[in-house]
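Visitor: First the structure, which I've put down as structure tokens, then a few questions once you've had a look.
Numbering (the numbering used here), first residue to last: 1434 to 1559.
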């Protein structure tokens, strides 16, 4: 290694964080996800915070797994600004992993398949 007086050049950076494969497999199995699923950090996902496509899928998970449901207002960035949204989160305990949050934004267009009052997921949030 060449000599340097810059102390930062002597610091070795850790490798990028890679989810533990055993924990990832436990999350996949508990949530019923495909074998190839991995979290996408650009979407706000991690091993213990998972984005799901819709409130209908989230409701299916709630009916299968139970858990705690919360709803909160959020601001989502768009290419031309931000938009207000309502995030629905299902928190479940996955054996060997701990608390895992599965979230989506409420989409009014999907309400035709089940209004807020009809979805057990949303009744649990009330």
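Virtual Cβ for every residue (Gly too), placed ideally from N, Cα, C.
Just so we're clear, the structure is a prediction, and the values are computed from it rather than from any experiment.
Taking C-beta to C-beta, are residue 1530 and residue 1484 nearer than 7 Å?
Guide: Their beta carbons are not under 7 Å apart, which means residue 1530 does not touch residue 1484 by this criterion.
Visitor: Any heavy atom of the ligand ADP closer than 6 Å to the CB of residue 1543?
Guide: Ligands in the displayed structure: none, and consequently the ligand ADP is not present.
Visitor: Going by C-alpha distance, which of 1454, 1463, 1491, 1505 is nearest residue 1553?
Guide: Here the closest residue by C-alpha is 1491.
Visitor: Please check the pair residue 1520 and residue 1493, which I expect to be a contact at CB under 8 Å, by giving their CB distance rounded to whole angstroms.
Guide: Not a contact, Cβ separation roughly 18 Å.
Visitor: In this structure, how does DSSP classify residue 1549 when only helix, strand and coil are distinguished?
Guide: Correct three-state label for residue 1549: coil.
Visitor: Around the Cβ of residue 1488, are there at least 16 other Cβ atoms within 10 angstroms (buried) or fewer (exposed)?
Guide: When all chains shown are included, residue 1488 counts as buried.
Visitor: Quick one: complete beta strand (DSSP E) runs, 3+ long, within the segment 1477-1515?
Guide: Whole beta strand (DSSP E) segments, 3+ residues: 1482-1484, 1501-1511.
Visitor: Quick one: what does DSSP say residue 1462 is sitting in, helix, strand or coil?
Guide: Residue 1462 falls in the helix class under three-state DSSP.
Visitor: Measuring CB to CB, does residue 1523 end up less than 7 Å from residue 1500?
Guide: Cβ distance < 7 Å, so residue 1523 and residue 1500 count as in contact.
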